[in-house]
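Chemist: Take this structure first; my questions come after.
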Amino acid sequence: MFNRIRRKKARDISCFHEIALFYAMASKTMIEKGFREFFLLLMCTLLGLQGVNGQNYKDELFRITPPYLQTVQLLRTDLELSIPIIKLGSSDQLILRFDDLRGGVKNYSYTFELCTYDWKPSGLMVMEYIDGFERNYIDNYAFSFGTTQRYTHYHVNFPNSDIDFKVSGNYLLRVWEEGNDTAAVIMIPFYIWEDIAGVQESVTRSNLSQFRDAYQRVNFTWDVTDANTTNPYDEIKVVAMQNYRYDNARYDLKPRIISGNKLIYDQTDLLFEAGKEYRRFDTRSLRVQTDRIINIDRNQDGYMVYINVDENRSYKRYFFENDINGRYLIAAELTNDVNLQADYAMVRFSLESPYWMNNGNYYVLGTFNNYTTSTANQMTYDFDRQMYTCDIYLKQGFYNYLYGFVENGTDLIDFEQAEGNYFEAVNDYSLFCYLRDNMRFSDRLIGYKTFSSFQR
Numbered sequence: 394m395f396n397r398i399r400r401k402k403a404r405d406i407s408c409f410h411e412i413a414l415f416y417a418m419a420s421k422t423m424i425e426k427g428f429r430e431f432f433l434l435l436m437c438t439l440l441g442l443q444g445v446n447g448q449n450y451k452d453e454l455f456r457i458t459p460p461y462l463q464t465v466q467l468l469r470t471d472l473e474l475s476i477p478i479i480k481l482g483s484s485d486q487l488i489l490r491f492d493d494l495r496g497g498v499k500n501y502s503y504t505f506e507l508c509t510y511d512w513k514p515s516g517l518m519v520m521e522y523i524d525g526f527e528r529n530y531i532d533n534y535a536f537s538f539g540t541t542q543r544y545t546h547y548h549v550n551f552p553n554s555d556i557d558f559k560v561s562g563n564y565l566l567r568v569w570e571e572g573n574d575t576a577a578v579i580m581i582p583f584y585i586w587e588d589i590a591g592v593q594e595s596v597t598r599s600n601l602s603q604f605r606d607a608y609q610r611v612n613f614t615w616d617v618t619d620a621n622t623t624n625p626y627d628e629i630k631v632v633a634m635q636n637y638r639y640d641n642a643r644y645d646l647k648p649r650i651i652s653g654n655k656l657i658y659d660q661t662d663l664l665f666e667a668g669k670e671y672r673r674f675d676t677r678s679l680r681v682q683t684d685r686i687i688n689i690d691r692n693q694d695g696y697m698v699y700i701n702v703d704e705n706r707s708y709k710r711y712f713f714e715n716d717i718n719g720r721y722l723i724a725a726e727l728t729n730d731v732n733l734q735a736d737y738a739m740v741r742f743s744l745e746s747p748y749w750m751n752n753g754n755y756y757v758l759g760t761f762n763n764y765t766t767s768t769a770n771q772m773t774y775d776f777d778r779q780m781y782t783c784d785i786y787l788k789q790g791f792y793n794y795l796y797g798f799v800e801n802g803t804d805l806i807d808f809e810q811a812e813g814n815y816f817e818a819v820n821d822y823s824l825f826c827y828l829r830d831n832m833r834f835s836d837r838l839i840g841y842k843t844f845s846s847f848q849r
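Residue numbering for the sequence shown is 394 to 849, as defined by the working numbering.
Shown next as structure tokens:
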């Protein structure tokens, strides 16, 4: 309790110190040199806050630096499979969860940064978009029990009594470990939105012959009647995303037609690779083999789970299977609290391949690793067994995944190599509509919708 009081007092002092320092400088300048110099000071201050002007987070929105932090999730408290988005001024909350595999108790704090629609720093001062403390501490933690892997589980809900949001838009959540203020150990994107613009949408087969069998065309119309914009072509920004994948998001889409307050996006090239249904595995039980689990070993180091060897599906016919479009759920049988009682296991992924691809690497990808490529999910080729394999340490649950190929010298993920594409695949699409607010110098998120391509 006393630690919390000291922390909050320190935050109060820090916040008031920054405000007082700026106003003291401003008052002194106005008295000594007049309004012109005060205006220059103000502009320099704002430009100083935008010292990262050339920075763009778009290519690295997710960052989980230390390997001892696992199962990092940012979820809506009421919709676990939803994208992390809540409505401005509502009672909606997001919850951040993560496990520290070192056990014990560590001090973690968190901060927020407002970004533009395309994930550049907004340049605004924190007090302009946050109501509350600039930095807050994660005080909720509990220890695992009944597991082979010990860990401490941390969580925090927000908005809360210490923090709320004044402005809608794109945000980055950063988590800091005490003793290291130079780099955040966790970085995750999320959204705050306003229900101002409405949208009508559809997903169709491409009418371009070369894309007809492998791509899906997204068409939509935004109604911005209540947005109070006189220049929608420049002031409205639209982003489209498939299956919550930031790596294939389409930014700054422009309407083909503007009809009154309706912006019509029906371009023939607004296409996404259709892919196929996600592969899956289920480790809710570590005692019996479930669907697609061929073996479970337990030794002094913990559990080793072997998934069925996967075939290359790029040339196989499409067939529908229920999936959750790349997401995952933490779950474990015979537990009262999965956050503390779900265990960890090393999971072996295997992909058949008669030959080694010397021009790049395969990766195991899904929402569980945010479709990021690293040595942790890079596959290695077994020449004797003619397959790629990869071991990943994961908490018990139900997981979706795909195999992606990345050529040497590029960062483009190619799912065609191992998965193939078929236009009838069921995908989730998310649309985001932003209004450039020239009074607040921010991109307000005034419309949002997620929908499926083809209902089954």
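For every residue, glycine included, the Cβ atom is placed at its ideal position computed from N, Cα and C.
Since Ala725 and Arg677 should fall inside the 8 Å C-beta cutoff, what is the C-beta to C-beta distance between them, to a whole number of angstroms?
Modeler: Ala725 to Arg677, Cβ: 6 Å. Contact.
Chemist: Please list the terminal residues of the continuous beta strand (DSSP E) segment that includes Val632.
Modeler: Taken as a continuous stretch (DSSP letters only), the beta strand (DSSP E) holding Val632 covers 629-635.
Chemist: Taking the C-alpha atoms as reference points, what is the distance between Ala667 and Tyr708?
Modeler: If you take the alpha carbons of Ala667 and Tyr708, they lie about 14 Å apart.
Chemist: Considering only their Cβ atoms, is the gap separating Phe505 from Ile523 smaller than 8 Å?
Modeler: Yes.
Chemist: Roughly how many whole angstroms lie between the Cα atoms of Thr683 and Glu571?
Modeler: Their backbone Cα atoms lie some 41 Å apart in a straight line.
Chemist: Below 8 Å, how does it come out for the stretch 630-648 and the stretch 659-675: are there three or more Cβ pairs, yes or no?
Modeler: These segments touch.
Chemist: Thinking C-beta only, is Asn820 closer than 8 Å to Asn533?
Modeler: Not closer than 8 Å, so no.
Chemist: Distance check for Phe798 and Leu758, CA to CA, integer angstroms please.
Modeler: Using only the alpha carbons, I get a separation of about 10 Å.
Chemist: Which class does Asn529 belong to by DSSP, given the choice of helix, strand or coil?
Modeler: In this structure, Asn529 counts as strand in the three-state DSSP scheme.
Chemist: Cutting at 7 Å between CB atoms, please list the residues of its own chain near Ile398, excluding the five before and the five after it.
Modeler: Model confidence at Ile398 stands at a pLDDT of 42, short of 50, so the residue's coordinates are unreliable and nothing is read from them.
Chemist: What does the alpha-carbon distance come out to for the pair Arg720 and Lys788?
Modeler: If you take the alpha carbons of Arg720 and Lys788, they lie about 14 Å apart.
Chemist: In the DSSP assignment, what are the bridge partners of Lys655?
Modeler: Paired residue(s): Asp616, Ser652.
Chemist: CA-CA distance, Leu474 and Gln466?
Modeler: Each residue's Cα considered, the two are about 11 Å apart.
Chemist: I need the boundaries of the alpha helix (DSSP H) containing Glu570, first residue and last residue.
Modeler: Per DSSP, Glu570 belongs to no alpha helix (DSSP H); it is in the beta strand (DSSP E), 562-570.
Chemist: Report buried or exposed for Leu565, applying the criterion of at least 16 other Cβ atoms within 10 angstroms of its Cβ.
Modeler: Looking at its Cβ environment, which holds 16 or more other Cβ atoms inside 10 Å, Leu565 is buried.
Chemist: Three-state secondary structure (DSSP) at Glu425?
Modeler: Only weak support exists for where Glu425 lies, its pLDDT of 44 falling under 50; the value from the coordinates is given anyway. In the structure shown, Glu425 sits in a helix (DSSP, three-state: H, G or I).
Chemist: Please go through the stretch 733-794 and give each complete beta strand (DSSP E) segment of 3 or more residues, from N-terminal end onward.
Modeler: Listed in chain order, the complete beta strand (DSSP E) runs (minimum 3 residues) inside the stretch 733-794 are 737-745, 753-758, 773-775, 780-788.
Chemist: Under 8 Å: do the stretch 765-782 and the stretch 825-841 share three or more Cβ pairs, one atom per stretch?
Modeler: Verdict: no, contact absent.
Chemist: Within this structure, are the beta carbons of Ser835 and Met780 separated by less than 8 Å?
Modeler: No; because the gap between Cβ atoms is not below 8 Å, this pair is not in contact.
Chemist: Rounded to the nearest angstrom, how far is the Cβ of Arg672 from that of Leu795, given a contact under 8 Å?
Modeler: About 6 Å separates the two Cβ atoms, so the contact holds.
Chemist: Does the beta-carbon distance from Lys630 to Tyr510 come in below 8 Å?
Modeler: A contact, by the Cβ cut-off of 8 Å.
Chemist: So the beta strand (DSSP E) Met697 belongs to, where does it begin and stop?
Modeler: Segment 695-700, the beta strand (DSSP E) holding Met697.
Chemist: In the DSSP assignment, find the alpha helix (DSSP H) that holds Glu594 and state where it starts and stops.
Modeler: That residue, Glu594, is in no alpha helix (DSSP H); its beta strand (DSSP E) goes 591-598.
Chemist: Among all the DSSP beta bridges, which residues are the ones paired with Phe665?
Modeler: The partner list for Phe665 (beta bridge, DSSP) reads Gln609.
Chemist: Whose C-beta lies closer than 6 Å to the C-beta of Asp619 among residues of the same chain, with five residues either side of it excluded?
Modeler: Ile589, listed in sequence order.
Chemist: Is the beta carbon of Ile579 closer than 8 Å to that of Val592?
Modeler: In this structure, Ile579 does not lie closer than 8 Å to Val592 by Cβ.
Chemist: Look at the alpha carbon of Ser599 and the alpha carbon of Asn612, and state the distance between them as a whole number of angstroms.
Modeler: Taking the straight line from one Cα to the other gives about 11 Å.
Chemist: The alpha helix (DSSP H) with Tyr708 in it runs from where to where?
Modeler: Looking at the DSSP string, Tyr708 is not in any alpha helix (DSSP H), and its letter there is neither H nor E.
Chemist: Can you give me the Cβ contacts of Phe604 inside the same chain, cut-off strictly under 7 Å, excluding the 5 residues immediately before and after it?
Modeler: Leu664, listed in sequence order.
Chemist: Taking 8 Å as the threshold (C-beta atoms), are Tyr786 and Thr541 in contact?
Modeler: Cβ atoms of Thr541 and Tyr786: not closer than 8 Å.
Chemist: Pull up the CB-CB distance for Arg456 and Ala642, whole angstroms please, since I reckon it's below 8 Å.
Modeler: Not confirmed; about 17 Å, so no contact.
Chemist: Contact check, Asp675 vs Ile686 under 8 Å by CB: the rounded distance?
Modeler: Between Ile686 and Asp675 the Cβ distance is about 7 Å, and since that is below 8 Å, they are a contact.
Chemist: Would you kindly work out how many angstroms separate the C-alpha atoms of Gly496 and His548, rounded to a whole number?
Modeler: Going from the Cα of Gly496 to the Cα of His548 covers about 15 Å.
Chemist: To which residues does DSSP link Tyr584 through a beta bridge?
Modeler: For Tyr584, which the question treats as bridged, DSSP gives the partners Ile478, Asn563.
Chemist: Do Phe791 and Leu722 come within 8 Å of each other at the CB atom, strictly closer than that value?
Modeler: Their beta carbons are under 8 Å apart, which means Leu722 touches Phe791 by this criterion.
Chemist: Within the same chain, show all residues whose beta-carbon is closer than 8 Å to that of Met832, passing over the 5 residues directly before and after it, in chain order.
Modeler: Here the set comprises nothing.
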